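All remarks here apply to the structure that follows.
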Amino acid sequence: MDPSNFKPYQHAFLRDWLPVAIGDPGMLMGIFLCACRNLHVRTGLKEYCWGTLQYKGACLRYLAGSIATAPKMKQDRVESIMWDVTICTMLQLASDEIVAGDSAAWKSHIDAVAHMVELNGGLENVRGMNGLMRRMIEVLASKDRLHVRNITFGGDNTAKLYTLDDLFSKCLFGQ
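Numbering (the numbering used here), first residue to last: 1027 to 1201.
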């Protein structure tokens, strides 16, 4: 794919989100969770379903450790970055729950994100990843976005998955 054809949100994800996600164990497990969920929905193979459980468990263990040692938001930027990736991992779990169709779990993750944002002094103080994280929170927490969780199975036993375009193209950058 030619980078000059990327949409603005795609550039933001590649520039601001992906390097952090690859370097952070919790977010990396979130990438693997997303991949397994996508493959399970597309193929129906149980191996991928087991992978989703494995990686979701890894994400939750990571979050438990991160939250137990949560930094004070007024401390230095290194700890603030740790807080940013904790929020992003929660957003990855919320996104997975949209695909899984579990609105109660989605709400639980979004409520946790909202609490962390509140501890940070509000959404206007969330500036991680050059503003991308704030926009991700706004999109994934938006109740009118829940329509994307309606997964319908076709005759070939594959589900219609939401895409990043469904969630982010118009909402993040007004495209």
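Beta carbons: idealized from backbone N, C-alpha and C, even for Gly. Computed from a predicted structure; not experimentally measured.
- Cα atoms of PRO1034 and CYS1075: separation of roughly 32 angstroms, rounded to the nearest angstrom.
- If the five residues before and after GLY1056 are omitted, its C-beta is found closer than 6 angstroms to the C-beta atoms of CYS1085, THR1115, GLN1118, all from its own chain and listed in chain order.
- In the three-state scheme derived from DSSP, where H, G and I count as helix and E and B as strand, ASP1122 is classed as helix.
- Its chain contains ASP1042 as the residues whose beta carbon lies nearer than 6 angstroms to that of ASN1156, once the 5 sequence neighbours on both sides are disregarded; these appear in chain order.
- ASP1137 is classed as exposed because its beta carbon has fewer than 16 other beta carbons within 10 Å across all chains shown.
- When SER1129, GLY1052, GLU1144 are compared, the shortest CA-CA separation from GLY1083 is found for GLY1052.
- Beyond the five residues adjoining it in sequence on each side, THR1112 comes within less than 6 angstroms, by CB distance, of SER1092 in the same chain, given in chain order.
- If you draw a straight line from the Cα of ALA1120 to the Cα of HIS1037, it is about 22 angstroms long.
- Taking the Cβ atoms as the reference, VAL1125 lies roughly 5 angstroms from ARG1063, within the contact range of under 8 angstroms.
- When the beta-carbon positions are compared, GLY1049 and ASP1110 stay at least 8 angstroms from each other.
- Spanning the alpha carbons of LEU1149 and LEU1158 requires a straight line of approximately 12 angstroms.
- Distance from LEU1059 to THR1078 at the Cβ level is roughly 6 angstroms; contact confirmed, criterion being Cβ atoms closer than 8 angstroms.
- In this structure, the alpha-carbon of ARG1161 lies about 23 angstroms from that of TYR1088.
- For VAL1139, the three-state secondary structure derived from DSSP is helix.
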